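Protein chains: 2
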Amino acid sequence: MATIYDVARRAEVSPATVSRVVNGHANVDPTLAERVRRAMRELEYRPNAVARNLRRSRTTLWAVIISDIGNPFFTSLVRGVEDVAQRAGFSVVLCNTDEDPTKESQYLDAALTEQMAGVIISPSGRANHVNRLVDARVPVVVIDRQVSGAHVDTVLVDNEHGASLATTHLIESGYERIACITGPEGVFTAMRRLRGYRRALEDHDREYDPDLVRHGDFRSDGGYRAMASLLALRPRPDAIFAGNNLMTVGAVECLVDSRIEVPAEMGVVGFDDVPWAHLVRPSLTTVAQPTYELGREAAQLLTQRIATPDRPPTVITLETKLQIRDSSLPRSQP
Amino acid sequence: MATIYDVARRAEVSPATVSRVVNGHANVDPTLAERVRRAMRELEYRPNAVARNLRRSRTTLWAVIISDIGNPFFTSLVRGVEDVAQRAGFSVVLCNTDEDPTKESQYLDAALTEQMAGVIISPSGRANHVNRLVDARVPVVVIDRQVSGAHVDTVLVDNEHGASLATTHLIESGYERIACITGPEGVFTAMRRLRGYRRALEDHDREYDPDLVRHGDFRSDGGYRAMASLLALRPRPDAIFAGNNLMTVGAVECLVDSRIEVPAEMGVVGFDDVPWAHLVRPSLTTVAQPTYELGREAAQLLTQRIATPDRPPTVITLETKLQIRDSSLPRSQP
DNA sequence: CTGAAAGCGCTAACAA
DNA sequence: TTGTTAGCGCTTTCAG
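Order-wise, the sequence lines are chains X and R.
The opening position of the first sequence corresponds to residue 1 in full-length UniProt numbering, with each subsequent residue numbered one higher.
The opening position of the second sequence corresponds to residue 1 in full-length UniProt numbering, with each subsequent residue numbered one higher.
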């Protein structure tokens with residue numbers, strides 16, 4: 001690999017001049033600049049970002065740390081991040097933790113030791129992970145899940161409100177025994193969505209019954225198992241609110257396998273849109289999240305945090321929207 | 001951020017000794033080592049990977065460059081890569097090109113300038129991109145799509161054979177006018193799958209009719225549009241072979257919207273499994289690819305390439321398997 | 001077994 | 001406008 005010295009020698013200038021041409025910083029005599037550019041071309045010179053990063057003590061890479069690369073929620077979000085990052089001159093790399101705190105910790109280490117310019121993270125676990133970044137003064141934005149006790153920019157959706165909308169919709173459509181499949185205990189979004197479900201019930205003078213609640217793993221399998229367990233109840237629930245997209249899919253798979261008709265025998269509303277929802281019969285009522293915008297907002301916060309590290313942290317909450325489709329058609333009266 | 005000098009001073013040793021403790025390279029007196037470790041803890045010392053990388057002129061990051069992060073094919077593949085990488089002490093970062101050569105080029109630049117330890121790429125475009133890596137002696141493995149004229153490790157599936165199996169299956173199930181939706185012109189997998197389709201037809205003394213072929217974009221929308229265009233034909237096709245998972249989804253969506261019964265009015269076979277295939281009615285016959293293994297094999301080749309840069313390139317071809325489900329049920333005789 | 005010192009490739013004062 | 005030079009933080013000879 002040619003270095004900046006090789007180029008300098010060939011162009012008969014100093015390394016500093018080459019650096020100036022490469023970075024377009026200072027004014028360089030056009031003749032020299034041209035000579036430098038030619039030398040670069042001839043030597044196929046490519047700046048060594050590692051050396052540059054060391055010298056400048058900053059990099060141009062953002063890490064986006066997410067918990068499930070297989071969930072379209074995150075892939076859409078990542079696109080939002082990418083589009084903003086690119087315009088601001090950063091490259092985005094993705095790190096997939098599979099909801100595993102060990103993996104998350106490893107990627108945090110990588111982000112720290114590699115001196116990444118910034119991190120956008122949907123934290124799987126406790127606050128201390130995020131605080132490691134904050135303490136090390138790495139610009140960081142938390143996305144999707146609030147971290148209590150971390151003083152950090154955050155982008156959320158109105159989980160509780162969305163869940164409440166969904167549940168209210170089921171109530172008003174005439175469903176009587178509405179169950180809930182929420183996410184893992186201790187995960188922020190899972191707790192908020194459960195709270196919204198509960199609030200809606202209580203607002204309509206329904207009893208909140210913990211027996212009708214299951215905790216899944218935010219993946220399809222968990223939704224399937226939770227649904228199966230709910231189906232064993234007597235009396236059986238006649239509707240369910242599922243706390244994320246993949247668990248909705250799993251729950252519906254279970255209903256299909258059990259030959260239970262949706263919505264005739266079981267109303268279904270899910271949180272977050274299901275990919276290829278059109279293909280699923282019947283079409284699914286969901287609480288739609290602005291996933292792409294979530295990514296955009298996070299990326300914008302991150303650029304601002306990088307520009308002004310000492311600004312006070314912001315929390316942005318985006319709105320969800322209830323998309324009524326066929327899986328929650330009004331209950332025909334007996 | 002504490003540096004190695006800070007630690008050395010506190011532990012009253014030389015930076016070299018700290019380095020030895022950190023890397024466990026040479027033998028260090030246990031007393032000193034303990035002093036160093038304590039100093040590290042007290043200062044929350046974290047080695048600066050940028051400086052280390054510069055000094056060692058190698059890094060510990062792999063880039064996986066893929067064309068569509070929204071396609072489960074790639075997400076499963078990435079998991080295969082991650083599992084191997086982690087064991088070998090590398091971190092994996094993902095780069096999404098959205099099939100855009102400009103983005104691809106940018107990520108290649110990033111991989112080069114950041115001196116990444118290795119690259120696994122599913123190239124969207126021409127050979128020259130990959131050759132930039134090979135020429136720069138960056139360890140690289142090409143995955144999913146062969147690059148003609150690049151002397152490089154490659155992991156593929158038997159696209160032609162799989163496509164031929166799928167088409168033969170439709171023929172033997174009694175379908176008469178079998179159309180094909182393949183991928184973008186010039187994309188390796190698209191060409192091979194089209195060739196398999198054609199070969200199967202000709203092997204069964206059917207005429208290959210270019211009017212029955214459409215080129216989609218490997219995404220759902222493209223599949224939808226291609227299907228719509230095929231439906232305008234008179235006589236209409238009575239079966240289709242779709243060249244990847246998302247286009248299969250799009251094609252089926254189009255059929256649903258057009259109220260065309262599958263398989264009664266249109267047999268469907270897709271290449272690559274569709275996520276949540278259970279939910280799609282009827283269940284879809286597909287050519288299943290070993291996506292996770294694809295990633296594993298690629299990662300293994302990459303570790304070998306890094307260990308022995310001058311070994312001759314290998315091409316590995318994994319087998320696909322026809323998964324027969326309901327969307328291609330034997331045609332009932334008229 | 002330990003320390004001194006050179007240098008990875010680049011940038012940014014500072015001087016000329 | 002250009003060049004000289006001193007590091008960024010780390011590893012790794014080479015002496016001791």
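Glycine residues also receive a C-beta, built at the ideal position from the N, C-alpha and C atoms.
Nothing here was measured: the structure is a model prediction, and the numbers come from that model.
C-alpha distance - L301 (chain R) paired with T286 (chain X), whole-angstrom precision: Stepping through the second sequence from its first residue, residue 301 (chain R) is reached at position 301. Stepping through the first sequence from its first residue, residue 286 (chain X) is reached at position 286. Going from the Cα of L301 (chain R) to the Cα of T286 (chain X) covers about 43 angstroms.
Could you run through the region 295–325 of chain R and flag, in chain order, every residue whose CB is less than 7 angstroms away from some CB of chain X? none
Is it right to say E99 (chain R) is buried, meaning 16 or more other beta carbons lie within 10 angstroms of its own, or is it exposed? Counting from 1 along the second sequence, the entry for residue 99 (chain R) is found at position 99. Buried: at least 16 other Cβ atoms inside 10 Å.
DSSP three-state call for R219 (chain X): helix, strand or coil? Counted from its first residue, the first sequence places residue 219 (chain X) at position 219. Looking at R219 (chain X) - three-state DSSP - the assignment turns out to be coil, as it is neither helix nor strand.
Have a look at L194 (chain X) and E34 (chain R) and give me their C-alpha separation to the nearest angstrom. Start at 1 with the first residue of the first sequence, and residue 194 (chain X) comes out as number 194. Start at 1 with the first residue of the second sequence, and residue 34 (chain R) comes out as number 34. Cα-Cα distance, rounded: 49 angstroms.
If we call anything under 8 angstroms between Cβ atoms a contact, is V64 (chain R) one with R305 (chain R)? Along the second sequence, one-based indexing puts residue 64 (chain R) at 64. Along the second sequence, one-based indexing puts residue 305 (chain R) at 305. No, these two residues do not count as a Cβ contact at 8 angstroms.
Where the beta strand (DSSP E) containing V315 (chain X) begins and where it ends: For the purposes of this step, residue 315 (chain X) is identified with residue 315 of the first sequence, where counting begins at 1. 315–318 is the span of the beta strand (DSSP E), which, as asked, contains V315 (chain X).
Assuming residue 335 (chain R) and I143 (chain R) are in contact, meaning their beta carbons sit under 8 angstroms apart, how far apart are those beta carbons, in whole angstroms? Look at the range of chain R in this structure, 1 to 334, and you will see that residue 335 (chain R) is not part of it.
Grouping DSSP H, G and I as helix and E and B as strand, with all else coil, what is A288 (chain X)? As a first step, residue 288 (chain X) must be located in the first sequence, where it is residue number 288. Strand, per DSSP.
Please report whether the beta-carbon of P210 (chain X) lies at a distance below 8 angstroms from any beta-carbon of chain R. For the purposes of this step, residue 210 (chain X) is taken as residue 210 along the first sequence, with counting starting at 1. So, not an interface residue.
For T248 (chain R) and L294 (chain R), which I take to be in contact (beta-carbon distance under 8 angstroms), what is that distance rounded to the nearest angstrom? Here residue 248 (chain R) is taken as the residue at index 248 of the second sequence, counted from 1. Here residue 294 (chain R) is taken as the residue at index 294 of the second sequence, counted from 1. Not a contact, Cβ separation roughly 19 angstroms.
Using a C-beta to C-beta distance shorter than 8 angstroms, which residues of chain R count as neighbours of S91 (chain X)? Counted from its first residue, the first sequence places residue 91 (chain X) at position 91. Within chain R, the C-beta atoms nearer than 8 angstroms to that of S91 (chain X) come from C95, Q106, Y107, A110, in chain order.
Which residue spans inside the region 233–265 of chain R form an unbroken alpha helix (DSSP H) run of at least 4? 245–257
Between which residues of its own chain and A264 (chain R) is the CB-CB distance below 7 angstroms, once the five residues before and five after are set aside? Start at 1 with the first residue of the second sequence, and residue 264 (chain R) comes out as number 264. Closer than 7 angstroms at the Cβ level, and outside the excluded window around A264 (chain R), lies no residue.
Please report how far the alpha carbon of E266 (chain X) lies from the alpha carbon of V280 (chain X), in whole angstroms. Position 266 of the first sequence holds residue 266 (chain X). Position 280 of the first sequence holds residue 280 (chain X). The amino acid occupying residue 266 (chain X) in the given sequence is Met; Glu does not appear at that position. Distance between the alpha carbons of M266 (chain X) and V280 (chain X) is about 15 angstroms.
Just tell me which of X:T3, X:D6, X:M1, X:R331 has its CA closest to the CA of L170 (chain X). Residue 170 (chain X) sits at position 170 when you count from the first residue of the first sequence. It is X:R331.
Kindly list, in the order they appear in chain X, the residues whose Cβ is closer than 7 angstroms to that of Q289 (chain R). Locating residue 289 (chain R) in the second sequence gives position 289, counting from the first residue. Ordered by position in chain X, no residue passes the 7 angstroms Cβ test against Q289 (chain R), which lies about 16 angstroms from the chain.
Whole runs of the beta strand (DSSP E) within the region 157–209 of chain R, excluding any shorter than 3 residues: Runs found: 178–182.
Can a CB atom of chain X be found closer than 8 angstroms to the CB of G223 (chain R)? The residue given as residue 223 (chain R) occupies position 223 in the second sequence. By this cut-off, G223 (chain R) is not an interface position.
Report all residues from its chain with a CB closer than 8 angstroms to the CB of A117 (chain R); omit the five preceding and five following residues, and keep chain order. The count along the second sequence starts at 1 and reaches residue 117 (chain R) at position 117. So the qualifying residues of the chain are R58, T59, T60, L61, W62, F90, P139, I306.
Grab me the residues of A298 (chain X)'s own chain with a C-beta within less than 7 angstroms of its C-beta, minus the 5 sequence neighbours each way, in chain order. As a position in the first sequence, residue 298 (chain X) is number 298, starting the count at 1. The answer, listed in chain order, is V81, I120, V141, I143, V155.
Between N48 (chain X) and chain R, is there a C-beta pair that is closer than 8 angstroms? Taking the first sequence and counting its residues from 1, the one referred to as residue 48 (chain X) is at position 48. Answer yes: the Cβ-Cβ gap between N48 (chain X) and chain R drops below 8 angstroms somewhere.
Answer yes or no: does any C-beta atom of chain X fall closer than 8 angstroms to that of I120 (chain R)? Mapped onto the second sequence, residue 120 (chain R) falls at position 120. False, the Cβ-Cβ gap to chain X never drops below 8 angstroms.
Strictly below 7 angstroms CB to CB, what residues from chain X border P72 (chain R)? Locating residue 72 (chain R) in the second sequence gives position 72, where the first residue counts as 1. Neighbours of P72 (chain R) in chain X, taken as residues at a C-beta separation under 7 angstroms, are given in chain order as G70.
Taking all protein chains shown into account, do 16 or more other C-beta atoms lie within 10 angstroms of the C-beta of H129 (chain R), making it buried, or fewer, making it exposed? Mapped onto the second sequence, residue 129 (chain R) falls at position 129. Buried is the call here.
Residues of the region 261–290 of chain R whose Cβ lies closer than 7 angstroms to any Cβ of chain X, in chain order: W276, H278, L279, V280, R281
Select from X:L329, X:Y292, X:R311 the residue whose C-alpha is nearest the C-alpha of F73 (chain X). Sequence index remark: in the first sequence, residue 73 (chain X) carries index 73 (1-based). Here the closest residue by C-alpha is X:Y292.
Verify the CB distance criterion: does Q115 (chain X) have a CB-CB separation below 8 angstroms to chain R? Position 115 of the first sequence, counted from the start, is the residue given in the question as residue 115 (chain X). For Q115 (chain X), the closest Cβ of chain R is nearer than 8 angstroms.
Assuming contact is defined by CB atoms lying nearer than 8 angstroms, are G125 (chain R) and E104 (chain R) in contact in what I supplied? Mapped onto the second sequence, residue 125 (chain R) falls at position 125. Mapped onto the second sequence, residue 104 (chain R) falls at position 104. It is a contact, given that the beta carbons lie within the stated cut-off.
Any idea which residues DSSP pairs D153 (chain X) with across the strands? Taking the first residue of the first sequence as position 1, residue 153 (chain X) is located at position 153. D153 (chain X) is bridged to X:V141.
Quick one: residues in its chain with C-beta nearer than 7 angstroms to the C-beta of G223 (chain X), no 5 flanking neighbours on either side, listed in chain order? Against the first sequence, residue 223 (chain X) aligns to sequence position 223. Cβ within range, chain order: I181, G216, A242, L246, M247, T248, V249, G250, A251.
Find the residues of chain R that neighbour V152 (chain X), judging by a C-beta separation of less than 8 angstroms, and give them in chain order. Residue mapping note: residue 152 (chain X) aligns to position 152 of the first sequence, counting from 1. Here the premise fails: no neighbours, minimum Cβ distance about 19 angstroms.
Using the rule of at least 16 other Cβ atoms within 10 Å of the residue's Cβ for burial, across every protein chain shown, is M191 (chain X) buried or exposed? Along the first sequence, read from residue 1 onward, the residue named residue 191 (chain X) stands at position 191. Looking at its Cβ environment, which holds 16 or more other Cβ atoms inside 10 Å, M191 (chain X) is buried.
Mind checking if T3 (chain X) is an interface residue toward chain R, Cβ cutoff 8 angstroms exclusive? For the purposes of this step, residue 3 (chain X) is taken as the residue at position 3 of the first sequence. So no, T3 (chain X) is outside the interface.
Any idea what DSSP makes of R325 (chain R), helix, strand or coil? The count along the second sequence starts at 1 and reaches residue 325 (chain R) at position 325. Three-state result, R325 (chain R): coil.
Classify L230 (chain X): buried if its beta carbon has 16 or more other beta carbons within 10 angstroms, exposed otherwise. Residue numbering aside, residue 230 (chain X) sits at position 230 when the first sequence is read from its first letter. The residue is buried, with at least 16 neighbouring Cβ atoms inside 10 Å.
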